Amino acid sequence: MSEREIGQSRLYEWLTGDEDSRMCKDISDEACDEQPRNFFLHLFAALGNKLADELSSARLVLPWLLGVIGAPLWMVGLLVPIREAGALLPQLFVAGFIRLKPQRKWVWVAGGCLQALAAMVLALLAVYGQGSLGGALVLTALIALSLARGLSSIATKDVLGKTIAKRRRGNLMGWSGSVAGAVTLAAGGVLMLFEDRPGELALAILLGIAALGWAVNAACAARIAEMPGAVEGGENAWDSIKLGLHLMREDRGFLHFNLSRSLLLASALALPYVAVLGQQQSGAELGGLGILIVVSGIAGMIASPVWGKRADASSRSVLRDTGLGAAVCCLLGAAIAWLPGEWSSQVWPYALVYALLVVVHAGVRLGRKTYLVDMAGQDRRALYVALSNTITGVMMLVVGGMTGLLAQWLGTDWLLVFLAVMALAAALSATRLPEVEQ
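Using the working numbering, the letters of the sequence shown map in sequence onto residues 165 to 602.
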């Protein structure tokens, strides 16, 4: 090995705690030899993706964008459902197509390039968009971005399963989340300097950096050494649906996982409502946005490596604990809203609850990804991922619509109480899941 490869292997062993970087469990010998190099390519690809996700967040950045361009208020309520369901729902329909590709990384590359293009359109709309037409174009660009995100998501997990061994995947995602959190923290700190100034140009720069992040993601994915895999078993969309329904009946563990994952949507659905409570105290100025981005960055930087190591040991326990954590955060948010005086009229208490909820949500994401990849066998991994994501996309639309109605009827504070009950149910469900890392 060259000195560069030796140094790369040593750094890999230090980051993962391995004593031998060539010890692998469920990947081929050829993939094992390339694992240290692929680990860092995955790391930088995930960094670009996570940074781009934060800087184009449907929970924080895009609501400010719609406010800046003067779009109607009702459009804000469509951002999170479009972003989440748009990325998840189509995946079952492309799983069979991806299965026919011996190298799935090129599907990942295509998705990254399309997301970069959509982010550039959003950046231009921050400067030139106006009113209802500008808002409609933002939603259209978000639909395109979400569909491309879904394309990348299923391919990314399949490539991850082929190139990184079991008990190393959670560690990889944890480190990428930590580094991305640090970069996001810096971006939020810069925004705080804008204080109460609007800043169409600042939003455009943020979204331009997001486009660059997805370009980096695509470039790193293209360089991953992926060994050609089996192409048998590729189905069209209808065959994938029939096979998926059969798997749901036959594999009770997979069905139970999807129930737990659906209940854990409470953490994702609670985040924008906690942010709304904070935004009501700061208006649409970039200073308030900066505070929320900063606390989100700090939380992601601290949380991800811890959750990553725990997910490699037991992703089931991560799902259980994050359900409990989400319930506590939702109740805290509601309690602050009920407090009299200055406590409930400043952005900072809500920002702290938002940070805690980001920590919990990072665990939800890491736990469910690690559990799903480790649970699925190599031959069915792409289909399991696609089916689970499609189910979650449907549930996001259904539960998201319900929470919107409840928020209108009960108010944001009581909605958070409802989401706390949902999170507790998720924790109880997760305790009954089987272990998959043992």
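All C-beta atoms in this analysis are idealised placements derived from N, C-alpha and C, irrespective of residue type, glycine included.
Bear in mind the structure is a predicted one, so any value in this text is a computation, not a measurement.
Taking the continuous alpha helix (DSSP H) assigned at residue i, which residues delimit it?
i: residue 320; result: 295-327
i: residue 164; result: With the chain covering 165 to 602 only, the question about residue 164 has no answer from this structure.
i: residue 242; result: Run containing residue 242: none; DSSP gives neither H nor E here.
i: residue 575; result: Taken as a continuous stretch (DSSP letters only), residue 575 belongs to no alpha helix (DSSP H), as it is neither H nor E.
i: residue 288; result: 269-292
Quick one: grab the DSSP three-state call for residue i.
i: residue 217; result: helix
i: residue 513; result: helix
i: residue 595; result: coil
i: residue 414; result: helix
i: residue 200; result: helix
i: residue 225; result: helix
i: residue 503; result: coil
i: residue 347; result: helix
i: residue 231; result: helix
i: residue 540; result: coil
i: residue 428; result: coil
i: residue 236; result: coil
i: residue 600; result: coil
i: residue 143; result: Nothing in the structure corresponds to residue 143, since the chain is present only between 165 and 602.
i: residue 185; result: Interpretation of residue 185 is limited by its pLDDT of 45, a score under 50 that renders its predicted location unreliable; the figure taken from the coordinates is listed afterwards. Note: residue 185 maps to coil in three-state DSSP.
Are there 16 or more other CB atoms within 10 angstroms of the CB of residue i, so buried, or fewer, so exposed?
i: residue 283; result: buried
i: residue 606; result: There is no way to answer for residue 606, as the model of the chain reaches only from 165 to 602.
i: residue 514; result: buried
i: residue 275; result: buried
i: residue 220; result: buried
i: residue 390; result: buried
i: residue 532; result: buried
i: residue 211; result: buried
i: residue 296; result: exposed
i: residue 595; result: exposed
i: residue 599; result: exposed
i: residue 456; result: buried
i: residue 206; result: buried
i: residue 279; result: buried
i: residue 236; result: exposed
i: residue 185; result: Residue confidence is low: residue 185 scores 45 on pLDDT, short of 50, so the model does not pin down where it sits. Its coordinate-derived value is still stated next. Label assigned to residue 185: buried.
i: residue 471; result: buried
i: residue 417; result: exposed
i: residue 387; result: exposed
i: residue 491; result: buried
i: residue 566; result: exposed
i: residue 582; result: buried
i: residue 228; result: buried
i: residue 339; result: buried
i: residue 365; result: exposed
i: residue 350; result: exposed
Cβ pair count under 8 Å reaching 3, the region 421-431 against the region 311-325
no
Stretch-stretch touch, CB-based, cutoff 8 Å, three pairs: the region 463-483 with the region 516-527
yes
Three or more C-beta pairs under 8 Å: does that hold for the region 367-381 against the region 213-230?
yes
Contact between the region 279-293 and the region 584-592 (3+ Cβ pairs under 8 Å):
no
Is the region 298-318 touching the region 404-421 in the sense that three or more CB pairs, one from each, lie closer than 8 Å?
no
For the pair the region 558-573 and the region 431-441, tell me if three or more CB-CB distances fall below 8 Å.
yes
Does the region 561-581 come into contact with the region 242-252, if we say contact requires no fewer than three beta-carbon pairs (one atom in each stretch) closer than 8 Å?
yes
Quick check: the region 410-419 against the region 491-505, are at least 3 beta-carbon pairs closer than 8 Å?
no
Kindly provide the ranges of any alpha helix (DSSP H) runs that are 4 or more residues long and lie completely inside the region 541-568, ordered along the chain.
none
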